[in-house]
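Taken in sequence, the protein lines are chains D and L.
Counting from 1, one number per residue, gives the positions in the first sequence under my numbering.
Counting from 583, one number per residue, gives the positions in the second sequence under my numbering.
There are 2 protein chains.
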Amino acid sequence: MRASQFHLFTLKEAPSDAEVVSQKLMLRAGMIRKAAAGIYSYMPLGLRSIRKVETIIREEMDRAGAMELTMPLVQPAELWQETGRWDTMGPEMLRLQDRHDRDFALQPTSEEVVTDIARQEIKSYRQLPKNFYQIQTKFRDERRPRFGVMRGREFTMKDAYSFDRSKEAAGHSYALMFATYTRIFDRIGLDYRAVAADTGAIGGDRSHEFQVIADTGEDAIVYCPDSDYAANIELAEAVSLLEHRAEPGQALEKTPTPGSATCADVAALLQVPLATTVKSLVLATDDVDAKGEPAGVTLWLLLVRGDHSLNEIKTSKLDGLKTGFRFATEAEIDEHFGCKPGYLGPIGLQKPVKLIADRTVAHMSDFICGANDADFHFTGVNWGRDLPEPDVVADIRNVVEGNPSPDGKGTLAIQRGIEVGHVFYLGDKYSKVMNATFLDEDGKPKHFEMGCYGIGVTRILGAAIEQNHDARGIIWPTAIAPFEVVICPVGWGKSQAVRDEAQKLYEALRAQGVDVILDDRDERPGVMFADWELIGVPHRVTIGERGLKEGVVEYQGRREAEVSKLALDTIAAHLLGALGQA
Amino acid sequence: MRASQFHLFTLKEAPSDAEVVSQKLMLRAGMIRKAAAGIYSYMPLGLRSIRKVETIIREEMDRAGAMELTMPLVQPAELWQETGRWDTMGPEMLRLQDRHDRDFALQPTSEEVVTDIARQEIKSYRQLPKNFYQIQTKFRDERRPRFGVMRGREFTMKDAYSFDRSKEAAGHSYALMFATYTRIFDRIGLDYRAVAADTGAIGGDRSHEFQVIADTGEDAIVYCPDSDYAANIELAEAVSLLEHRAEPGQALEKTPTPGSATCADVAALLQVPLATTVKSLVLATDDVDAKGEPAGVTLWLLLVRGDHSLNEIKTSKLDGLKTGFRFATEAEIDEHFGCKPGYLGPIGLQKPVKLIADRTVAHMSDFICGANDADFHFTGVNWGRDLPEPDVVADIRNVVEGNPSPDGKGTLAIQRGIEVGHVFYLGDKYSKVMNATFLDEDGKPKHFEMGCYGIGVTRILGAAIEQNHDARGIIWPTAIAPFEVVICPVGWGKSQAVRDEAQKLYEALRAQGVDVILDDRDERPGVMFADWELIGVPHRVTIGERGLKEGVVEYQGRREAEVSKLALDTIAAHLLGALGQA
């Protein structure tokens, strides 16, 4: 490609509403152009990178035996009503009506459509396993779209869906997709981690996220440097920090703690470690009777250590809280505790509540908690002696750095990550409700065992930049760079020698299949360098008259601080070597 | 590809709601699967053909220097309001609202978005010419979606938009795209014709359609076998069939024509040629005064020869009718003509109307027309003598087969066609209203001269099938066939020799880059042949044990009636030769 025949349009400054570095750099480099909040055009430069990502995904999915198809963007409500997700998907699913007032959704994902296809076209176990995938536009009407392509509303996603005869076979499909994702992200060239994850709105009972490591990531990834344990913090198991409960050593005492409504305040006031305090959190569930009519409210008191935080995802999986909970209102708290928040605790309640203690809290002794009396806490609290054992002991807190790994192989570390892929084992969640069956070897209909597997194609670009950039701009991994090499001729308009050598190198590299751009715009070196460093092309060759007289050109790798002088007659081989290693 | 690892799903019968042959065959072959009216999933088999069409388009667009980008599917109303098309596009443009009640459209086309990009990113004449294209999902909410992918609601379209400095430069871009389309449709291998066409809702002042010739086409294409004249019947010029007006030979006479309300009835009753009669059609325009308030109705009497039909597209371009017209109501007709339709004519009106005569009618003498009196016609009517000259003489009729070609080089023929491509010269229609300018060499801002260029990617599949099929199924042009060659081993499960030779041929062809599928399903020959003839693979090789003993295999081209026996050791070369010629 010649720059004069391409569309380059770089900006010195990003638009003021751009928030994160990948968004700013993609806008400045001219890769994307905003059409509306969370909705972008992908300009020729950006589309080049997207196509490279798509090609890698397609090659690896095909290699794994998956088959590409395309499902509609505008999907009939009837299918979404079959699974109940028409009602449960919430406002992120954009709904619309056609001219005949029929309801449709813009696909946020395609479990319903693909299951409908499977129940029509897969009749026999002999047709299994099957894995269908598409690389297609998705739409999710984010309440607050932001971060450019990182949390856009319209985006490109690869979504795949596997159909199997049995749980065991589905496990193989899951493992194959896991391995395929590993190959894909290895080829793309990002630093990433596969972590166990929550299944969220998609459902099912096993899932892993592929997280690109970046300080700016929205997700916290917990991992063990000494083992292969890795999980999203939503899911990462927090073990008890105390092996067993020590015998009481202190007497229960009601201690004045005026104006100290947080554990940190109390620990500071009493000059004790924060880890001796216990935090009280109050949740509420709205009960219904056998007929589904409202039947009052149950309050749940959750205890975590003062230096820990509640994990709502784990909490939402506890019996009694699975169908939904909310934080209790001040009135509800007052009615049960006779006290305002800040001084709540499990001793001396007005009305009974369900008591859930975190694993660590259940092993604490001589701890401090609110006394249900404003400006007072209990100290020297001990289970059994001062209050009954908790109703439930469970893992309800977030892991913190340095906690023991649940596999017993060391301590945990935490990184920030950007989710770019997600694999789910769905089981028969969709096939059962949509009655999608095949005839098994015994002649009997069975529900498909399913998995689903997503990759955020456009988000990968943002994640790659969040992970790889500097003050000058983007630093693309070679595999998804819009161009692999840029040739910058200095004095294009003036020097025939420069033009000749630049074109010769350009043609030689093209002939070797190198994705090279020749900057024939006749711009000053400073302008060219600034553009290509912003755009992030991995390899740059500068050809000038002075160097040519000595038979040398300048080479700079995008990550390298220094320019190196290389012989003109070896530069092509040098570049091919560098690209071959990439 | 091995059939056992692919997803094949053929049907003996098409669903009962399938109307046309391409739709029936695509459904039966398992290329598409209906999700809702006019909305389809493209199954792996169908997607293979689509990808081949896309690749040809992409290669030729890139060769022409066009640059690929992707514009959003969900487009903000503001841009459509700028051009006024938010109001004029009608219910075919699907509108929707996001969770914040902001208005959006699903893109039916992208002139607004691309012009918005150009006005932001093209600042100088030095950046011109530019041609941006995308291959993207489009949505048009057809009132009655039908014919499968031929008139679907969700479909894939390649749309390109050129930006130029001047009308002359834009003419070059138009010509380049015209030539590119010719290359594209040549490569796809369809029998097609480029015809002059109306510009419709897109606007602009020049356009050509690329029409695939097929008896089932919705369009009528007029062409001259002796010259390169070709136009959609909407636009095809109808010259006067009479060189000049003859002198009157008959007296005007009011003749009883009881119960004869059509020209055909009158001609039969009076035993005269239909070409001596004149048909009267009454249109109405709703007038407005200078303030835009309603100001009554104007009636227009249009006269075409009895054997001709009115062309509403041409009519809509006449002064006074450009802003819209409708057929007059019976009450309006009664008020102006004092007569019911069937006996209307230009003589003896109650109230004045505008009189428009077709070119041929204006040259007629001694003709027959309604007498504005039920059951009576005038015969021997002559212009000037019996009624004043018409207000306007214009080409308002459809061409019929055998009419003189407007270029004077022979007579016209008519074919049916399916529109698969359309090129438009837009001029400054969009750039002016959106104030999209660049700085020209003289330092002054100028509006871009634009063109736009569409290809219906998914419709090409339907058109190819409408043109190429037989009782057994689809006959794909090789360039867009889902597979080029199928190998059908007879006795796959039983004969090691058959398996070995089939696999050897399969690998040999794959090594040569042939897109071959090996039918390793172990089905009977009849089942395999029926599937592959339905699917339409151009070349089939059958390998059986009996043939192998003689060193031969059976070859059948999809269009050939007979099977030929070919030596096993020459079959690969034979296939490569056949594909090379394709």
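Glycine residues also receive a C-beta, built at the ideal position from the N, C-alpha and C atoms.
Chain D contact residues for residue i, given Cβ-Cβ distances below 8 Å
| i | result |
| --- | --- |
| aspartate 723/L | Asp98 and Arg99 |
| tyrosine 622/L | Pro72 |
| valine 1123/L | The contacting residues do not exist; valine 1123/L stays about 24 Å from chain D at best. |
Contact set between residue i and chain L, taken where Cβ atoms lie within less than 7 Å
| i | result |
| --- | --- |
| glutamate 68/D | Pro626 and Leu629 |
| alanine 588/D | Nothing about residue 588/D can be reported from this structure: the residues present for chain D run from 1 to 582 only. |
| glutamate 13/D | Going along chain L, no residue has its Cβ under 7 Å from glutamate 13/D, so there is no contact; the nearest lies around 14 Å. |
Whole-Å CB distance - residue i paired with residue j, under 8 Å assumed
| i | j | result |
| --- | --- | --- |
| aspartate 968/L | leucine 824/L | Actually they do not touch by this definition, with Cβ atoms about 18 Å apart. |
| proline 538/D | isoleucine 621/L | About 42 Å; that fails the 8 Å criterion. |
| isoleucine 1117/L | isoleucine 1056/L | 7 Å |
| alanine 953/L | lysine 836/L | 5 Å |
| serine 1077/L | cysteine 806/L | The Cβ separation is near 59 Å, so there is no contact. |
| aspartate 957/L | proline 840/L | 4 Å |
| aspartate 741/L | glutamine 716/L | 6 Å |
| arginine 979/L | alanine 820/L | 5 Å |
| leucine 274/D | leucine 302/D | Their Cβ separation, rounded to whole angstroms, is 18 Å, which puts leucine 274/D and leucine 302/D out of contact at 8 Å. |
Reference residue i, options the options, closest by Cα
| i | options | result |
| --- | --- | --- |
| alanine 264/D | Val485/D, Thr458/D, Glu330/D and Thr276/D | Thr276/D |
| asparagine 403/D | Thr411/D, Met434/D and Arg397/D | Thr411/D |
| isoleucine 455/D | Gly30/D, Phe185/D and Gly84/D | Phe185/D |
| alanine 471/D | Leu25/D, Leu310/D, Leu568/D and Arg546/D | Leu25/D |
| phenylalanine 960/L | Pro727/L, Pro658/L, Ala757/L and Val860/L | Val860/L |
| methionine 43/D | Ser22/D, His7/D, Val21/D and Thr70/D | His7/D |
| alanine 1155/L | Leu1087/L, Val1145/L and Asp1010/L | Leu1087/L |
| arginine 540/D | Ile517/D, Glu550/D and Gly551/D | Ile517/D |
| lysine 616/L | Ala600/L, Arg1103/L and Glu1105/L | Ala600/L |
| phenylalanine 745/L | Ala866/L, Leu1008/L, Pro807/L and Ala1112/L | Leu1008/L |
| glutamate 401/D | Val393/D, Arg416/D, Pro390/D and Ala394/D | Arg416/D |
Amino acids of chain L, ordered along the chain, whose beta-carbon sits closer than 8 Å to that of residue i
| i | result |
| --- | --- |
| proline 482/D | The premise fails here: proline 482/D is roughly 12 Å from chain L at the closest Cβ pair, so nothing lies under 8 Å. |
| proline 445/D | Near proline 445/D there are no residues of chain L at all, since even the closest Cβ is about 18 Å away, more than 8 Å. |
| proline 91/D | Arg681 |
Those residues which DSSP pairs with residue i across a bridge
| i | result |
| --- | --- |
| histidine 790/L | Ala778/L and Val1005/L |
| glutamine 415/D | Ile221/D |
| isoleucine 396/D | Answer by DSSP bridge pairing: none, since isoleucine 396/D is not bridged. |
| tryptophan 1058/L | According to DSSP, which records beta bridges pairwise, tryptophan 1058/L is partnered with nothing at all. |
| tryptophan 383/D | Leu387/D |
| tyrosine 555/D | Val541/D and Ser564/D |
| glycine 1033/L | Ser744/L and Tyr1007/L |
| threonine 83/D | Per DSSP, none; premise fails for threonine 83/D. |
Residue i: contacting residues in chain L (beta-carbon distance under 9 Å)
| i | result |
| --- | --- |
| proline 346/D | Here the premise fails: no neighbours, minimum Cβ distance about 41 Å. |
| glycine 65/D | Gln587 |
| glutamate 121/D | His589, Phe591, Gly612, Arg615 and Met625 |
Where the alpha helix (DSSP H) containing residue i begins and where it ends
| i | result |
| --- | --- |
| threonine 596/D | A query on residue 596/D cannot be resolved here, the shown segment of chain D reaching from 1 to 582 and no further. |
| isoleucine 632/L | 626-645 |
| phenylalanine 529/D | 525-535 |
| aspartate 916/L | 912-919 |
| arginine 499/D | 496-511 |
Range covered by the beta strand (DSSP E) that runs through residue i
| i | result |
| --- | --- |
| tryptophan 882/L | 876-887 |
| leucine 903/L | That residue, leucine 903/L, is in no beta strand (DSSP E); it is neither H nor E in DSSP. |
| phenylalanine 438/D | 437-439 |
| arginine 677/L | 677-679 |
| proline 489/D | 485-489 |
| isoleucine 356/D | 354-358 |
| glycine 952/L | 949-952 |
Within chain D, the residues that residue i reaches when beta carbons sit closer than 7 Å
| i | result |
| --- | --- |
| isoleucine 699/L | Arg33 and Ser41 |
| lysine 712/L | His7 |
| leucine 676/L | Leu96 and Asp98 |
| valine 695/L | Ala35 and Ser41 |
| glutamate 736/L | Pro72, Leu73 and Val74 |
| threonine 719/L | Leu73 and Thr137 |
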